[in-house]
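In what follows, a single structure is set out as structure tokens and then discussed.
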Amino acid sequence: MTHILIVDDEPMLIEELQESLELEDFTVSTAEAVDAALQECDRCSFDVVITDLKMPKAGGLELIRQLKARDYPAVIFVVSGHGAESNREEAQRLGAAACFAKPLDVDDLIEAINQNLSTNV
Numbered sequence: 265m266t267h268i269l270i271v272d273d274e275p276m277l278i279e280e281l282q283e284s285l286e287l288e289d290f291t292v293s294t295a296e297a298v299d300a301a302l303q304e305c306d307r308c309s310f311d312v313v314i315t316d317l318k319m320p321k322a323g324g325l326e327l328i329r330q331l332k333a334r335d336y337p338a339v340i341f342v343v344s345g346h347g348a349e350s351n352r353e354e355a356q357r358l359g360a361a362a363c364f365a366k367p368l369d370v371d372d373l374i375e376a377i378n379q380n381l382s383t384n385v
């Protein structure tokens, strides 16, 4: 079973995304900040991490840096409501598999998750 961690500071987005992913038979955990996400990653092994790019205190780029420094094996996807192309490019340079703009097309995200997991098996 694929275990996914959603990291976003918007509870409504987390709830909607969690429901959609659970309908696809993914196991989903959530965190609303980078520090909470890192604690979850220490506690549990995730196949996929979906993170917002902009959050209070630390954002998705910092989370990617921290996970890569730990050699954490999850496939990372970035979701952003902010149009800064340079931040999305930086996320991919740091190791994100893909970046998605908000409002999020969940079907596109699910397709990307399935494609990445099938190539990483």
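Reading the sequence shown from the start, the letters are residues 265 to 385 in this note's numbering. No residue lacks a Cβ here, since even glycine has one placed at the ideal position from N, Cα and C. The structure presented is a predicted model; accordingly, all values stated were derived computationally and were not measured.
{"Query": "For Cys363, which of helix, strand or coil comes out of DSSP?", "Result": "strand"}
{"Query": "Determine, using beta carbons only, whether Val271 and Leu325 come nearer to each other than 9 Å.", "Result": "no"}
{"Query": "Measuring alpha carbon to alpha carbon, tell me which residue in Ala355, Ala360, Asp316, Leu358 is nearest Pro367.", "Result": "Asp316"}
{"Query": "Could you please give me the residues that DSSP links to Ala295 through a beta bridge?", "Result": "Val271"}
{"Query": "Relative to the alpha-carbon of Tyr336, which residue among Glu353, Ser309, Gly345 has its alpha-carbon at the smallest distance?", "Result": "Ser309"}
{"Query": "Which same chain residues end up closer than 8 Å to Glu339 when comparing Cβ atoms and leaving out the 5 residues on each side of it in sequence?", "Result": "Here residue 339 is Val; the residue named in the question, Glu, does not match the sequence. Cβ neighbours of Val339 beyond the five flanking positions: Asp311, Val312, Val313, Ala361, Ile377, Asn380, Leu381, Asn384."}
{"Query": "If you drop the 5 nearest sequence neighbours on each side, which residues of the same chain put their C-beta closer than 8 Å to that of Pro320?", "Result": "Asp273, Ala297"}
{"Query": "Helix, strand or coil, according to DSSP, for Asp316 in the structure here?", "Result": "strand"}
{"Query": "To the nearest angstrom, how far is the alpha carbon of Met276 from that of Ala333?", "Result": "30 Å"}
{"Query": "Nearest to Arg357 by CA position, among Arg329, Val292, Ala295, is which residue?", "Result": "Arg329"}
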